[in-house]
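Asker: Sequential numbering of the sequence shown, starting at 1, is according to UniProt numbering.
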Amino acid sequence: MNTGPPAAICLWYTFFHGHLPNNQTPLSQPPALPLATSKIKHLPEECLFYIFYAMPRDVLQQAAAAELYNRDWRFHRTLKLWFTRMMDSGQTGEPPEKSSFVYFDVVTWQKVIIALHID
Numbered sequence: 001m002n003t004g005p006p007a008a009i010c011l012w013y014t015f016f017h018g019h020l021p022n023n024q025t026p027l028s029q030p031p032a033l034p035l036a037t038s039k040i041k042h043l044p045e046e047c048l049f050y051i052f053y054a055m056p057r058d059v060l061q062q063a064a065a066a067e068l069y070n071r072d073w074r075f076h077r078t079l080k081l082w083f084t085r086m087m088d089s090g091q092t093g094e095p096p097e098k099s100s101f102v103y104f105d106v107v108t109w110q111k112v113i114i115a116l117h118i119d
């Protein structure tokens, strides 16, 4: 399994643990999940998307999904994409006929703005 350069592994490990274990490499000791999931709220959204898509059926995937949900992102099960409504959609009060949304495109790895017309 190629996990990238050792420096990247150490950086990832120390983010969730705060230190490296004595005389051990990061891969020889699995991360403590309660500590790891408690720090997930400090990650930028791009990292949360990476964790969600790269770690299927993992506790960290569930934690990333919960944090994205807390940040007003919603997962579309059919499209397998995360969506959020733009904060400044231009209309207030009654339900808007035209709303702007942002979705995270996993192919280009960026947020894409789309405008939807609701009939």
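A virtual CB, placed ideally from N, CA and C, is assigned to each residue, including glycine.
Hey, quick one: how far does the beta strand (DSSP E) through Val-106 stretch, first residue to last?
Answerer: Careful: Val-106 lies outside any beta strand (DSSP E) and carries neither H nor E.
Asker: Exposed or buried, which one is Ser-38 when buried takes at least 16 other CB atoms within 10 Å?
Answerer: With fewer than 16 Cβ atoms within 10 Å of its Cβ, Ser-38 is classed as exposed.
Asker: For Ile-114 and Phe-104, I'd like the C-alpha separation in whole angstroms.
Answerer: Using only the alpha carbons, I get a separation of about 11 Å.
Asker: Span of the alpha helix (DSSP H) holding Ile-51?
Answerer: Note, Ile-51: alpha helix (DSSP H), 45-54.
Asker: Whose C-alpha, out of Asp-72, Lys-80 and His-76, is nearest the C-alpha of Glu-86?
Answerer: In the sequence under discussion, the amino acid at residue 86 is Met, which differs from the Glu named in the question. For the residues Asp-72, Lys-80 and His-76, the minimum Cα distance to Met-86 belongs to Asp-72.
Asker: Roughly how many whole angstroms lie between the Cα atoms of Met-55 and Phe-49?
Answerer: Approximately 10 Å, taken between the alpha carbons.
Asker: Report the three-state DSSP secondary structure of Lys-111 (helix, strand or coil).
Answerer: In the structure shown, Lys-111 sits in a strand (DSSP, three-state: E or B).
Asker: Are the CB atoms of Phe-52 and Ala-64 nearer to each other than 7 Å?
Answerer: Taking 7 Å as the Cβ cut-off, Phe-52 and Ala-64 qualify as a contacting pair.
Asker: Verify the contact flag: Gln-61, CB atom, against every heavy atom of the ligand FMN, threshold strictly below 6 Å.
Answerer: For the structure depicted, the ligand FMN is absent and the ligand set is empty, with no information on it obtainable.
Asker: Where does the unbroken alpha helix (DSSP H) through Leu-79 begin, and where does it stop?
Answerer: Element bounds for Leu-79: n/a, residue is neither H nor E.
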